[in-house]
Amino acid sequence: MEIKQLRAVRLANQGLLHPFEDPTEAIERIVGIQSQQPQTAWLNWGLHTQNANLDTVMKMAQQQQIVRAWGQRWTLHLFSLADFQLVVNARSSEKIPAAYFLGQKDQILAVGEVIKQLLQHKTLMREDVLTELHQQFPTLDLDGRFIYVVLQVLTMKGYLYFDATSSTQNWRIIATKPQKGAKSVATLIRRYLKGFGPASLTDFVRWSGIKVSVVRPVWESIAKAHNQFEQSELVSLRAYSQSQLQELADELETKVLIAAPFDASLTGYADKNWLMKPEMQKVMWTKNGILRAPIIINGDLTGYWTQQIKKNYIQFTINHWLVISKTNQNALKDKLTKIAQFQGSVPKFTFKKMN
Numbered sequence: 080m081e082i083k084q085l086r087a088v089r090l091a092n093q094g095l096l097h098p099f100e101d102p103t104e105a106i107e108r109i110v111g112i113q114s115q116q117p118q119t120a121w122l123n124w125g126l127h128t129q130n131a132n133l134d135t136v137m138k139m140a141q142q143q144q145i146v147r148a149w150g151q152r153w154t155l156h157l158f159s160l161a162d163f164q165l166v167v168n169a170r171s172s173e174k175i176p177a178a179y180f181l182g183q184k185d186q187i188l189a190v191g192e193v194i195k196q197l198l199q200h201k202t203l204m205r206e207d208v209l210t211e212l213h214q215q216f217p218t219l220d221l222d223g224r225f226i227y228v229v230l231q232v233l234t235m236k237g238y239l240y241f242d243a244t245s246s247t248q249n250w251r252i253i254a255t256k257p258q259k260g261a262k263s264v265a266t267l268i269r270r271y272l273k274g275f276g277p278a279s280l281t282d283f284v285r286w287s288g289i290k291v292s293v294v295r296p297v298w299e300s301i302a303k304a305h306n307q308f309e310q311s312e313l314v315s316l317r318a319y320s321q322s323q324l325q326e327l328a329d330e331l332e333t334k335v336l337i338a339a340p341f342d343a344s345l346t347g348y349a350d351k352n353w354l355m356k357p358e359m360q361k362v363m364w365t366k367n368g369i370l371r372a373p374i375i376i377n378g379d380l381t382g383y384w385t386q387q388i389k390k391n392y393i394q395f396t397i398n399h400w401l402v403i404s405k406t407n408q409n410a411l412k413d414k415l416t417k418i419a420q421f422q423g424s425v426p427k428f429t430f431k432k433m434n
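In the working numbering, the protein residues as written are 80 to 434.
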């Protein structure tokens, strides 16, 4: 399989080459959208979904079709509730490192037990939780990192998740019950391959954060039953003919595509060379851990875009190292205009050629 064919297949499976009609599919196909910044997650959802609008996603959140919780690599994601429970189950054999408790393990576990009791009321706002905890633990500093560790521990055990619209400073937690699933690792591997394949064992371990010793025997069993490419560690649930691969690659070469920061194409693999050359990886992954928003034109990573939200408009800056034709500039503007409209604003554009 040629690199551009691999690129096209993966982007098609993720819904970037062919956005999904079903508004839940963009989240379920990749088993959650990374969501340290809620607004970025909504943008990623919108770019993988046909006819996306905020009304649809807010309705999904209100109906708890999607939730926010710590997931793969214990980073925040938007999930379907079933997928949140799947990820928790797949990681249920893991032990929380002692250092994670900040030297306050007994206090963290005690506060967690109180929150579990409070959650018998099913849902709690941040201010209600902190008010009750300050009364019961008057000497503890409950704000900031401490309370987040408590909530992470309860989430990792499957006792709660956040409302999908929650942010760091304004959150609502909702009770759920831990679910058991003996085949959850195998299920998660198959789900990963559906959304990210063809992919390798190393890719899955990097994406999921699950120990390779846990994954390897399950992965090898699945790999034997599915298509593996010759002289490659890549596994695919679907078999592709050479003509199908080339058809997707040819289609990608006619497209102008954009994704948001922390897109699955950036977070889903250990080996990034399928999408970009090593020298570009240093540009797309900043030193402080920010993953930039990629621009793919005619099958090649061409640059990245940023946005600054102003009072009356959104300023989009297109940083690019390859030349962008006037036609493709207009196509980019059309796509970014939809992003501005999605956020209820109008766009302004600046193109910057990088050396």
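C-beta: ideal position from N, C-alpha, C; glycine also. Bear in mind that the values here come from a model prediction, so they are computed numbers and not experimental data.
For residue i versus residue j, is the C-beta spacing smaller than 8 Å?
| i | j | result |
| --- | --- | --- |
| residue 166 | residue 150 | yes |
| residue 344 | residue 354 | yes |
| residue 349 | residue 285 | yes |
| residue 393 | residue 335 | no |
| residue 93 | residue 324 | no |
| residue 251 | residue 204 | yes |
| residue 385 | residue 374 | no |
| residue 155 | residue 114 | yes |
| residue 209 | residue 219 | no |
| residue 383 | residue 398 | yes |
| residue 175 | residue 80 | no |
| residue 363 | residue 400 | no |
| residue 112 | residue 157 | yes |
| residue 411 | residue 426 | no |
Pop quiz: residue i and residue j are said to be a contact at Cβ under 8 Å. What is the actual Cβ separation, rounded to whole angstroms?
| i | j | result |
| --- | --- | --- |
| residue 168 | residue 273 | With a Cβ gap of about 18 Å, residue 168 and residue 273 do not count as contacting. |
| residue 254 | residue 230 | Actually they are not in contact, since the Cβ atoms of residue 254 and residue 230 sit about 12 Å apart, beyond 8 Å. |
| residue 395 | residue 428 | 5 Å |
| residue 337 | residue 372 | 7 Å |
| residue 140 | residue 247 | So it is not a contact: roughly 17 Å between Cβ atoms. |
| residue 110 | residue 277 | That pair is no contact at about 17 Å. |
| residue 179 | residue 136 | Residue 179 to residue 136, Cβ: 32 Å. No contact. |
| residue 283 | residue 298 | 7 Å |
| residue 289 | residue 264 | 7 Å |
| residue 419 | residue 119 | Not confirmed; about 15 Å, so no contact. |
| residue 172 | residue 293 | 7 Å |
| residue 421 | residue 125 | 5 Å |
| residue 163 | residue 128 | In fact, because the Cβ distance is near 20 Å, the residues do not count as touching under 8 Å. |
| residue 86 | residue 378 | 7 Å |
For the alpha helix (DSSP H) holding residue i, just list the boundary residues, first then last.
| i | result |
| --- | --- |
| residue 366 | Segment: none, residue 366 is in no alpha helix (DSSP H) and carries neither H nor E. |
| residue 213 | 205 to 215 |
| residue 153 | First-last for residue 153: undefined, no H or E at that position. |
| residue 121 | 117 to 126 |
| residue 189 | 184 to 197 |
| residue 450 | This structure cannot settle anything about residue 450, because the visible part of the chain is limited to 80 through 434. |
| residue 106 | 104 to 107 |
| residue 167 | 160 to 169 |
| residue 82 | 82 to 93 |
| residue 519 | Because the chain spans 80 through 434 in this model, residue 519 falls outside it and cannot be assessed. |
| residue 344 | 343 to 346 |
So, is the C-beta of residue i closer than 8 Å to a C-beta in chain B?
| i | result |
| --- | --- |
| residue 87 | The structure shown contains no chain B, having only a single protein chain. |
In the DSSP assignment, the beta strand (DSSP E) including residue i goes from what residue to what residue?
| i | result |
| --- | --- |
| residue 337 | 335 to 337 |
Say the cut is 7 Å; is the CB of residue i nearer than that to a heavy atom of the ligand HEM?
| i | result |
| --- | --- |
| residue 264 | With respect to small molecules bound, the structure shown includes none, and the ligand HEM cannot be examined in it. |
Touching by the beta-carbon criterion (3+ pairs, under 8 Å), the region 307 to 321 and the region 190 to 197: Look at the beta carbons and you see the region 307 to 321 not touching the region 190 to 197: under three pairs across the two are nearer than 8 Å.
With three or more C-beta pairs closer than 8 Å as the rule, is the region 90 to 105 touching the region 139 to 156? Three or more Cβ pairs closer than 8 Å define a contact, and the region 139 to 156 meets that threshold against the region 90 to 105.
Can at least three beta-carbon pairs, one atom from the region 119 to 139 and one from the region 360 to 367, be found at a separation below 8 Å? They do not touch, by the three-pair rule.
Check whether the region 317 to 333 and the region 260 to 270 touch, using three or more Cβ-Cβ pairs below 8 Å as the test. With a cut-off of 8 Å, the region 260 to 270 and the region 317 to 333 do not count as touching, because too few Cβ pairs lie within range.
Could you pull out every unbroken alpha helix (DSSP H) segment of at least 4 residues lying fully inside the region 268 to 324, listed in chain order? The region 268 to 324 is shown to contain whole alpha helix (DSSP H) runs of 4 or more residues at 280 to 287, 291 to 304, in chain order.
If we require 3 or more residues per run, which beta strand (DSSP E) segments fall completely within the region 378 to 432? Taking only runs of at least 3 residues, the beta strand (DSSP E) segments lying wholly in the region 378 to 432 are 379 to 388, 393 to 399, 426 to 432.
Quick check for students: name the residue ranges of the beta strand (DSSP E) that lie wholly in the region 232 to 270, counting only runs of 3 or more. The qualifying runs are 239 to 242, 251 to 254.
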